[in-house]
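**Q** Residue numbering for the sequence shown follows the working numbering, starting at 2 and increasing by one per position. Just passing along the structure, written as structure tokens.
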Amino acid sequence: MVAGHSMARSLVDTGSSVDVLFEEALRKMDLASTNYLVKPNYRPLASFDGDTTMSRGTIKLPLMVGGECRTIKFKIVDKPAIYNIILGTPWLYLMKAVATTYHQCLKLPTPTGPFTLYGDQLTARSCFVIEHQLLKKSETPQT
């Protein structure tokens with residue numbers, strides 16, 4: 002949960018050096034009436050293929066996984082995306098989490114013992130469909 006909101010379509014990315022919250026997900030959370038502030042901070046973010054996207058700013062939000070809550074500094078990106086959030090190495094390090102792609106799960110320590118978060122194949126497939134829809138939109142010539 003991010004700031005009390007359930008967050009579907011989340012990606013744990015061991016190759017990401019930042020934690021990302023996409024603008025559309027932020028709008029849906031409707032945090033205008035809360036104390037959470039977006040700090041403008043326009044910085045380029047580079048993807049693995051060398052493409053760059055400007056972040057719109059940063060926001061610190063509480064993120065709860067396995068009963069453990071931490072305040073995470075998210076970079077806000079205004080770009081169509083498959084995911085709502087990307088949890089990168091800063092979050093993994095903070096949570097002392099270990100991701101295993103083979104088992105499609107994530108383990109992290111909690112006061113009550115290890116917590117295992119499993120990937121969801123149905124959600125992964127829906128992300129695949131969304132990705133193809135986004136690709137079709139970007140390839141369609143604008144008239």
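We treat Cβ as the ideally placed atom computed from N, Cα and C, and that holds for glycine. Only a predicted model underlies this, so the values are computations on that prediction, with no experimental measurement involved.
1. If we ignore side chains and look at the alpha-carbon of each, how far apart do TYR84 and THR117 end up?
2. With PHE75 and VAL21 assumed to form a contact (beta carbons below 8 angstroms), what rounded beta-carbon distance in angstroms separates them?
3. Indicate whether the contact test is met: 3 or more Cβ pairs, each with one atom in the region 36 to 44 and one in the region 59 to 71, closer than 8 angstroms.
4. Taking 7 angstroms as the limit between beta carbons, can you name the residues of its chain near THR53, skipping five residues before and five after?
5. So what does PHE75 bridge to, in DSSP terms?
6. Would you call LEU123 buried or exposed, if buried means 16 or more other Cβ atoms sit within 10 Å of its Cβ?
7. By a C-beta neighbour count over all protein chains shown, 10 Å radius and 16 as the cutoff for buried, is GLY89 buried or exposed?
8. Thinking C-alpha only, which one of ASP31, MET8, LEU27 is nearest VAL66?
9. For TYR119, report the span of its beta strand (DSSP E) as first-last.
10. Does DSSP put LEU32 in a helix, a strand or coil?
11. Can you say whether LEU136 is buried or exposed, counting buried as having 16 or more other CB atoms within 10 angstroms of its CB?
**A** Considering the structure as presented:
1. Translated into the one-based positions of the sequence shown, residue 84 becomes position 83. Translated into the one-based positions of the sequence shown, residue 117 becomes position 116. In a straight line, the C-alpha of TYR84 is about 21 angstroms away from that of THR117.
2. In the sequence shown, the residue the question calls residue 75 occupies position 74. In the sequence shown, the residue the question calls residue 21 occupies position 20. Indeed, because the Cβ distance is near 6 angstroms, the residues count as touching under 8 angstroms.
3. yes
4. Walking along the sequence shown from the start, residue 53 turns up at place 52. So the qualifying residues of the chain are PRO45, LEU46, ALA47.
5. If you number the sequence shown from 1, residue 75 lands on position 74. In the DSSP output, where bridge partners are listed per residue, PHE75 has ASP20, ILE60.
6. Here residue 123 refers to the residue found at position 122 when the sequence shown is read from its first residue. Its Cβ having fewer than 16 others within 10 Å, LEU123 is exposed.
7. Residue numbering aside, residue 89 sits at position 88 when the sequence shown is read from its first letter. GLY89 is buried by the Cβ-count criterion.
8. Within the sequence shown, the letter at position 65 stands for residue 66. It is MET8 whose Cα lies nearest to the Cα of VAL66.
9. Translated into the one-based positions of the sequence shown, residue 119 becomes position 118. First-last of the beta strand (DSSP E) with TYR119: 116 to 119.
10. As a first step, residue 32 must be located in the sequence shown, where it is residue number 31. Coil.
11. Working through the sequence shown from its first residue, we reach residue 136 at position 135. LEU136 comes out exposed.
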